[in-house]
Amino acid sequence: MTTAQETKTVFAAEHDVPIPYMQRTRDYYQALGFNPYRWAHFVDAPFTPLRTPLARTRVALITTAAPFQPELGDQGPGAPYNAAAKFYKVYSLPSESVPDLRISHVGYDRVHTTAADFNTYLPLARLKEAVAAGRIGSLGPRLFGTPTNRSQRVTIEADNPELLRRCREDGVDAAVLVPS
Amino acid sequence: MSLAARHLEANGISTVIMGCAKDIVEHCGVPRFLFSDFPLGNSAGRPFDAASQAQTLELALELLERAPAARTTMQSPLRWSLDAAWKLDYLDMTKLTPDKLAERRKEFDVVKAVAKTKREAS
Chain A
1 MTTAQETKTV
11 FAAEHDVPIP
21 YMQRTRDYYQ
31 ALGFNPYRWA
41 HFVDAPFTPL
51 RTPLARTRVA
61 LITTAAPFQP
71 ELGDQGPGAP
81 YNAAAKFYKV
91 YSLPSESVPD
101 LRISHVGYDR
111 VHTTAADFNT
121 YLPLARLKEA
131 VAAGRIGSLG
141 PRLFGTPTNR
151 SQRVTIEADN
161 PELLRRCRED
171 GVDAAVLVPS
Chain B
181 MSLAARHLEA
191 NGISTVIMGC
201 AKDIVEHCGV
211 PRFLFSDFPL
221 GNSAGRPFDA
231 ASQAQTLELA
241 LELLERAPAA
251 RTTMQSPLRW
261 SLDAAWKLDY
271 LDMTKLTPDK
281 LAERRKEFDV
291 VKAVAKTKRE
301 AS
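Each protein sequence line maps, in turn, to chains A and B. First residue of the first sequence? That's 1 in the numbering used here, and the numbers climb one at a time after it. First residue of the second sequence? That's 181 in the numbering used here, and the numbers climb one at a time after it.
Laid out in structure tokens, this is it:
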């Protein structure tokens, strides 16, 4: 009789945890002499179960990436933080298109990634494959971009109602949201 | 983005967030969250790796279908690299001398001014 090999328990490295972004950001801006940012916080969260099987559901893609505007400086792979490339209103683009969206306007990890492949922050091609495979019913006719840099008040009072209005116009039942 | 998900969800649209900043999204509280333990900027999978992107999306879709209640987080089993040393680098204060800090502060003031001008013009 053979004995099955036994799997040994091995602990992970102490630092191998999700990065504590709030703490690091607080420490960083405090060292720079700025007031600490207060992130949105709730105890509960709303919940709407999917009403139809996914294979019959119409899905919207929502991104924080920004449309490329050549006149606004470097927005290419590895570009330094580019505040000029920010946008301040919800936008829509046809889902059928292959839009040129960039993330030079946000604080992504510029040490360990370059944003050279837009599929890492915009899963539009993968979503289209999921539709073609019958996994998702359809994509909404438009994808939506939403600003990241407004005050929380503006996000809540202006941007979010606008996003909802457009999602309803497009008759979507579900949304995949991808912060960059 | 978390606030957007909450608003859509509260108004009858089922949502899932794909993201890399676990603490920030969970601090807000969202209906469904697929967490990838990757550097910020890779919420939808690894660069030039369609299979990893497809797997990441599939996990998000499964959450959309099967999460039993709000605040469900699933962590993708994908690893950025075998060595987790990259996690130490983000805003690493130990690498910032007082001179560097002053320089960063100046840069940040410039960025803020640019953003303010744009915001007010929009």
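Ideal Cβ positions, reconstructed from N, Cα and C, are used throughout, including at glycine.
Handout entry: Residue from A/19, A/125, A/146 and A/169 whose Cα sits closest to the Cα of residue 182 of chain A
Key = Nothing in the structure corresponds to residue 182 of chain A, since chain A is present only between 1 and 180.
Practice task
Check the Cβ-Cβ distances between residue 279 of chain B and every residue of chain A, and say whether any is below 8 angstroms.
Solution key: no
Problem - Within the stretch 95-163 of chain A, ranges of the beta strand (DSSP E) (whole runs, at least 3 residues) - result: 142-145
Problem - Boundaries of the beta strand (DSSP E) in which residue 22 of chain A is found, first to last residue - result: That residue, residue 22 of chain A, is in no beta strand (DSSP E); its alpha helix (DSSP H) goes 21-32.
Exercise for the section: Decide if residue 108 of chain A is buried, meaning its Cβ has at least 16 other Cβ atoms within 10 Å, or exposed. Expected result: buried
Practice task
Ignoring anything shorter than 4 residues or poking outside the stretch 190-275 of chain B, list the alpha helix (DSSP H) runs there in chain order.
Solution key: 202-208 and 230-246
Practice task
Taking only beta-carbon positions, decide if residue 195 of chain B is within less than 8 angstroms of chain A.
Solution key: yes
Handout entry: the stretch 81-99 of chain A contacting the stretch 141-148 of chain A, beta-carbon criterion three pairs below 8 angstroms
Key = yes
Handout entry: Extent of the continuous alpha helix (DSSP H) to which residue 291 of chain B belongs
Key = 278-301
Problem - Contacting positions in the stretch 11-38 of chain A - beta carbon closer than 7 angstroms to chain B - result: 13, 15, 16, 18, 19, 20, 21, 22, 24, 25, 27, 28, 31, 32 and 33
Practice task
Identify which residue in B/274, B/283, B/295 and B/267 has its Cα closest to the Cα of residue 20 of chain A.
Solution key: B/267
Handout entry: Whole-Å CB distance - residue 29 of chain A paired with residue 36 of chain A, under 8 angstroms assumed
Key = 7 angstroms
Practice task
Check the Cβ of residue 219 of chain B against every Cβ in chain A and list those closer than 7 angstroms, keeping chain order.
Solution key: 109, 112 and 113
Practice task
Could you tell me whether the Cβ of residue 7 of chain A comes closer than 8 angstroms to any Cβ of chain B?
Solution key: no
Exercise for the section: Return yes when the Cβ of residue 142 of chain A is within less than 8 angstroms of the Cβ of residue 170 of chain A, no when it is not. Expected result: yes
Practice task
Please state if the CB of residue 77 of chain A and the CB of residue 114 of chain A are separated by a distance shorter than 8 angstroms.
Solution key: yes
Practice task
For residue 268 of chain B, go through chain A and note every residue whose CB falls closer than 7 angstroms to its CB, in chain order.
Solution key: 15
Handout entry: Three-state class that DSSP yields for residue 70 of chain A in the structure shown
Key = helix
Practice task
Could you name the residues of the same chain whose beta carbon sits closer than 7 angstroms to that of residue 39 of chain A, not counting the 5 residues immediately before and after it, in chain order?
Solution key: 22
Handout entry: Stretch-stretch touch, CB-based, cutoff 8 angstroms, three pairs: the stretch 41-54 of chain A with the stretch 200-218 of chain B
Key = yes
Handout entry: Distance between beta carbons of residue 273 of chain B and residue 215 of chain B, contact taken as under 8 angstroms
Key = Not really, about 25 angstroms apart at Cβ, beyond 8 angstroms.
Problem - Delimiting residues of the beta strand (DSSP E) encompassing residue 174 of chain A - result: 174-178
Handout entry: 9 angstroms Cβ cut-off: residues of chain B touching residue 44 of chain A
Key = 209, 250 and 251
Practice task
Compare the C-beta of residue 98 of chain A with all C-beta atoms of chain B and state if any pair is closer than 8 angstroms.
Solution key: no
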